[in-house]
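As structure tokens, the structure follows; a few thoughts come after it.
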Amino acid sequence: MSARFLFSLLSLFLLFPSFIEARSLHHQIKATINPLSHQIQIENIIILPEQAEDLKTKTLEFSLHAGLNPFSTSPGLTLKQIKKDDSNPTDIPLEHYRVELAQGLTTFTLHYEGKIHHPLKKEGENYGRSFRETPGTISEAGIFLARSTYWYPVFNETFITFDLEVHLPASWSSVSQGTRTFHKITDESSTSRWHSLEEQEEIYLVAGQWTEYQRAAGKITAMAFLREADESLANKYLDATAQYLEMYQKLLGPYPYKKFALVENFWETGYGMPSFTLLGPKIIRMPFILHSSYPHEILHNWWGNGVYVDDERGNWAEGLTTYLADHLIAEQREQGTRSRRASLQKYTDYVSKGKDFALTAFRQRESAATEAVGYGKTLMFFHMLRLELGDDIFINALRNFYGTQRFKRAGFLELQHAFSKAAKKDLSDFFRQWIEKIGAPKLAIKKTKVQQNGDEFRLIVTLAQTQKAAPYSLSVPIAVTLKGQTKTEQITVSIDKKEMTFSLIFPHRPIKLDVDPEFDLFRRLDRNEIPPALSLAFGATKILIVLPSNETGTLRGAYDELARGWQSSQTGKIEIQWDTEIKTLPSDRTIWLLGWKNRFRKNLTLGLKPFDVLFKSKQIQIAGKKIEKKGHSIVFTNRNSLNPDHALTWLATDNPAAIAGLGRKLPHYGRYSYLVFEGEAPTNVLKGLWPTPHSPLSKKLQRKNVATGELAHRPALATLPSLFSEERMMTDIRFLANDKMKGRGFGTKELEKAADYIRDQFQKAGLKPLGDQGTYFQTWAQKGGDPEKIAPLKNVVAMLPGNNTKYTGESVVVAAHYDHLGLGWPDAHAGDAGKVHPGADDNASGVAVLLELARTLGKSFRPERTIIFVAFSAEEMGTLGALHYLKTIKKFPAEKIMGMLNMDTVGRLDNKSITVFGGKSSTQWPHIFRGISFVTGISIDTVISDFNPSDQVRFHEAGVPAVHLFSGANPDFHRPSDTFDKIDGAGLIKIARVMKEAIEYLSSRPDQLSTTLKTKQKKDAKSARPSARKVGIGTIPDFAYTEKGVRISGTSPGSPAEKAGLLAGDVIYWIGKNYVEDIRVFSGLLRKLKAGIPVSLTLLRGDQEMTLSIVPMKR
7 MSARFLFSLL SLFLLFPSFI EARSLHHQIK ATINPLSHQI QIENIIILPE
57 QAEDLKTKTL EFSLHAGLNP FSTSPGLTLK QIKKDDSNPT DIPLEHYRVE
107 LAQGLTTFTL HYEGKIHHPL KKEGENYGRS FRETPGTISE AGIFLARSTY
157 WYPVFNETFI TFDLEVHLPA SWSSVSQGTR TFHKITDESS TSRWHSLEEQ
207 EEIYLVAGQW TEYQRAAGKI TAMAFLREAD ESLANKYLDA TAQYLEMYQK
257 LLGPYPYKKF ALVENFWETG YGMPSFTLLG PKIIRMPFIL HSSYPHEILH
307 NWWGNGVYVD DERGNWAEGL TTYLADHLIA EQREQGTRSR RASLQKYTDY
357 VSKGKDFALT AFRQRESAAT EAVGYGKTLM FFHMLRLELG DDIFINALRN
407 FYGTQRFKRA GFLELQHAFS KAAKKDLSDF FRQWIEKIGA PKLAIKKTKV
457 QQNGDEFRLI VTLAQTQKAA PYSLSVPIAV TLKGQTKTEQ ITVSIDKKEM
507 TFSLIFPHRP IKLDVDPEFD LFRRLDRNEI PPALSLAFGA TKILIVLPSN
557 ETGTLRGAYD ELARGWQSSQ TGKIEIQWDT EIKTLPSDRT IWLLGWKNRF
607 RKNLTLGLKP FDVLFKSKQI QIAGKKIEKK GHSIVFTNRN SLNPDHALTW
657 LATDNPAAIA GLGRKLPHYG RYSYLVFEGE APTNVLKGLW PTPHSPLSKK
707 LQRKNVATGE LAHRPALATL PSLFSEERMM TDIRFLANDK MKGRGFGTKE
757 LEKAADYIRD QFQKAGLKPL GDQGTYFQTW AQKGGDPEKI APLKNVVAML
807 PGNNTKYTGE SVVVAAHYDH LGLGWPDAHA GDAGKVHPGA DDNASGVAVL
857 LELARTLGKS FRPERTIIFV AFSAEEMGTL GALHYLKTIK KFPAEKIMGM
907 LNMDTVGRLD NKSITVFGGK SSTQWPHIFR GISFVTGISI DTVISDFNPS
957 DQVRFHEAGV PAVHLFSGAN PDFHRPSDTF DKIDGAGLIK IARVMKEAIE
1007 YLSSRPDQLS TTLKTKQKKD AKSARPSARK VGIGTIPDFA YTEKGVRISG
1057 TSPGSPAEKA GLLAGDVIYW IGKNYVEDIR VFSGLLRKLK AGIPVSLTLL
1107 RGDQEMTLSI VPMKR
């Protein structure tokens, strides 16, 4: 035995004694890599599994990348190159070797070196998915090595374990599976060691020139490797890693590895490996990835990289991962029904008879059809299984399956055993029906009849399975809306024949029947159940693209190029013709109409009349939203009126540069009926689905149309832990709004106490002071109160300093006012003067979110621009605190403020949309909050007007783009009844999430927000708020309404509006003889009313116009 081999072997046994009795083949690899020359040099000590010791002689065969010239100095070993006839799917040049080992020899060493470089190449396009791939490469841009590279000897082993030591140039580092046990960078080189005791299917080695970030997430290390230093981006991923690891461990059991790493690749990928994910540079910076693809890849460490897939028996892991990641996130956002409908729509649109297959035959996604079955049908299978068993049994079965199968290969049979055991019943028939059977059921309502018998009502309903195949055994959810009842009666009926009749008894008259209203069954949808969507167009096998002959120049050429590109890359037979070459549109295929000037555009526009679409000369109105033709690209899809089984789709733009991007992006928007894009990128700014009023599985049981009643709320299977603490925020509000604080009125010691509390919280959060003379306070004297006096007031100001010197002096202002009315001054309602006004919603809620943002961001956020946190005083006096701030803050002047985010009255969200006022102060605000809504799943209405005169108005006067987040009007505003017990804690979390996204975006945005505001900063401390109204009628406005008139969301109890019979949803157009254009005009007209003198209100209720008389009262 050579000294070198003996030293290596002793080192191995001393460091890793557990491998002396290894169950799997173990690789101890030392790799030295030169990216510039594409060279790798390896010493690989191989330890055979313990059962190999029983063999008298051992002959092993392995394959290795050609040109690496392996040799061994291990005594008792013979190494020979052999020839093999094999097909190599990766096109890697291979060489095959045979190793003969002497009796008792279970450890040997191989040495090999050479060049590995397979440049990226396009593997093809499939329904818009364009890939560049490599089986493995060593290059200046980065290193990617996997089993497909054959960079280590690949035996016929099932599983392997390994230790990997990687030597690279000084600026490089490596990532692999398992735990990093050593990492050192010197001036000359970089060395890392990776240790994987967990049995693996292959060994990955990726390397690059990264900036590394890491943080503990419980017992797991969260890591991020970015090609460019970006602490803010890294922290987003580290935060998300901790959140999802915590959620999935609670749901499924312990995470199987000791780290999870986000690794930025040098080309666009979305790979998930054991204990890390490899994402491309563009993908990693898409904001929605954090709560879509990223948790999907984290979850794969349980399914696919924790429990391995036995491919020969069907890939169950992709569907289960999609159900517990993508679908679960949709559930958490109250969008589970939409998600399931989208999956069923993909199946209906993409999977024709010849493209369907059993789940046992699914291996990987290769097309839209294979995705619709392998991902979509499997997702629905697990959803039906969950509904069949209930959440508790479903979760226990998953946990047991994971616990018993971890680091083993498993198939649907092992899943069946786990679920049958948890359910204590045989589920083999259920599994066989959905796993082995090809196709899907299709449902229809055949007959309905309602009979009355005394106080009872009998609904007789006949359901049918209309598919050609044999009937399925189904549990069909039914929802029945009853007369006079808000909530539906929900029942599940069992059907296992082609047609079955059920008799259901109710205490009230059934007026509407809905079958499978939440899309809980895997089935082929009727075309009238689903809105026409792009998936119908992209799933077609026969397509005609009609080009606009009247277009000229580059736009004409761009349309032609788009059509030719799709013709060469998309599945299906695609024919291209100019609109002058055909007389009429055919009925036997899907049709794409391109261009505003396409002479067949009217064929589409006529069919859109039921969908609230209005075409004008310079704009289009879609669902009440006006879209200018200039600068926008529009896509509409409808059914071909000549044959509803085919799509009629129209794409038009005035920007030739946008067309290439549309060609790439549209296949990814398959679930939508209409789309609007902006700019050359192009950026999606509007998307949606047409309504489906004629579903054959929804039947009215009376002549009058009626909406489906309220369905029972179904909680998500798991809840994502928040970065923010509802408990802490509620504690803040409880302190600020308790009776002892006496409403935090002007010039009171309680207002001083509130300022001290906020200062202490800023200090604990690690924020630096930005007040007068190094304190947290900006102090000034102000006249006010009743009786009038001069009193000291304080803004509480702190900051997170910016890290980018390019933005010196620039800031993002995050604010909320902390003062309130005290005992009523300056806005007490009639009869309320002298009573404590707690101000829980207005605005202890805003302060609580402000403090929670400070606590959360203060821990780890390192902004590029300085973030200034301000708790304003004197807002109730007319935003005088905001005015004082702008006049005195010299280090961060108004002209260098990127934007101001104000929170005022944010504590009563209660599942409504967040209203954002001030959208007109920058053209970017609507786009910013639209993006935030998309990323977070939180509904946001950005209002262009700025009716609510809160602190942001002072910033508008200074020319600063500023918005005000608002949870909605309520009857307790400026009343003693604005109390802590009415605060919606879950809503505070939503406000905080939206604010965090906005802060992070503004802090790193390269350019200032554009604005048309003109500086008109006032020199004196006059109120910016109009004097309080003396009379009122008790309407609660819906501030999200942007059309003509004022829509109300309700009325105050006992108010004139309630007594007059006004209802939520009424739109007021006239007060007396005065036209009500908007909320601002409405408010002005109310100021002119007199208590006790009747006035008429003309309003629209649904389609009916009516006039009511109302008697205003003292406010």
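Here the working numbering = 1-based position in the sequence shown + 6. Ideal Cβ positions, reconstructed from N, Cα and C, are used throughout, including at glycine. If you're wondering where the values come from, they're calculated on a predicted model, not measured in any experiment.
Rounded C-alpha distance that separates residue i from residue j
i	j	result
Val315	Glu340	31 Å
Gly82	Pro55	18 Å
Gly685	Gly637	6 Å
Leu681	Val641	5 Å
Asn849	Ser879	11 Å
Leu1095	Gly993	35 Å
Ile497	Asp916	28 Å
Gln1	Thr655	Because the chain is modelled from 7 through 1121, residue 1 falls outside the range shown and cannot be assessed.
Thr725	Lys548	44 Å
Ile665	Ser639	8 Å
Ile209	Ala37	13 Å
Leu70	Ile144	16 Å
Arg1011	Ser927	17 Å
Endpoints, alpha helix (DSSP H) assigned at residue i
i	result
Leu757	755-770
Arg405	397-411
His302	299-305
Pro662	662-671
Ile289	287-290
Arg861	851-866
Neighbour-count burial assignment, residue i, 16 or more Cβ in a 10 Å radius
i	result
Lys996	buried
Glu1003	buried
Glu234	exposed
Glu794	exposed
Phe188	exposed
Leu806	buried
Thr1041	buried
Asp1013	exposed
His700	exposed
Residues sharing a beta bridge with residue i, DSSP
i	result
Arg221	Ala228
Arg371	Arg371 pairs with nothing; no bridge assigned.
Lys579	Lys548
Asn644	Leu654
Phe77	His117
Val820	Phe875, Leu907
N- and C-terminal bounds of the beta strand (DSSP E) containing residue i
i	result
Asp778	Per DSSP, Asp778 belongs to no beta strand (DSSP E) and is neither H nor E.
Ile633	631-634
His201	195-206
His970	968-972
Asn801	795-806
Val467	462-471
Beta-carbon contacts of residue i that lie in its chain and below 6 Å, excluding the five residues immediately before and after
i	result
Trp696	Pro537, Phe617, Ser679
Asp738	Ala854, Leu857
Leu151	Gly142, Trp157, Leu211
Arg1053	Asp1044, Tyr1047, Val1073
Arg645	Pro538
Lys1025	Unreliable positioning characterises Lys1025 in this predicted model, as indicated by a pLDDT of 45, which lies under 50. The coordinate reading is nonetheless provided below. So no residue of the chain qualifies.
Cutoff 7 Å; reference residue i; Cβ partners in own chain excluding five residues on either side
i	result
Phe13	Its pLDDT being 34, under 50, Phe13 is placed unreliably by the model, and the measurement read from it follows with that caveat. So no residue of the chain qualifies.
Ala722	Leu334, Glu337, Gln338
Pro650	Arg533
Residues near residue i by beta carbon distance below 8 Å, same chain, minus five either side
i	result
Arg135	Caution applies to Arg135, whose pLDDT of 46 falls short of 50 and renders its modelled position unreliable; the value that the coordinates give is listed next. Excluding positions up to five away in sequence, the list reads Pro673.
Phe418	Arg319, Gly320, Trp322, Leu365, Thr366, Phe437, Ile441
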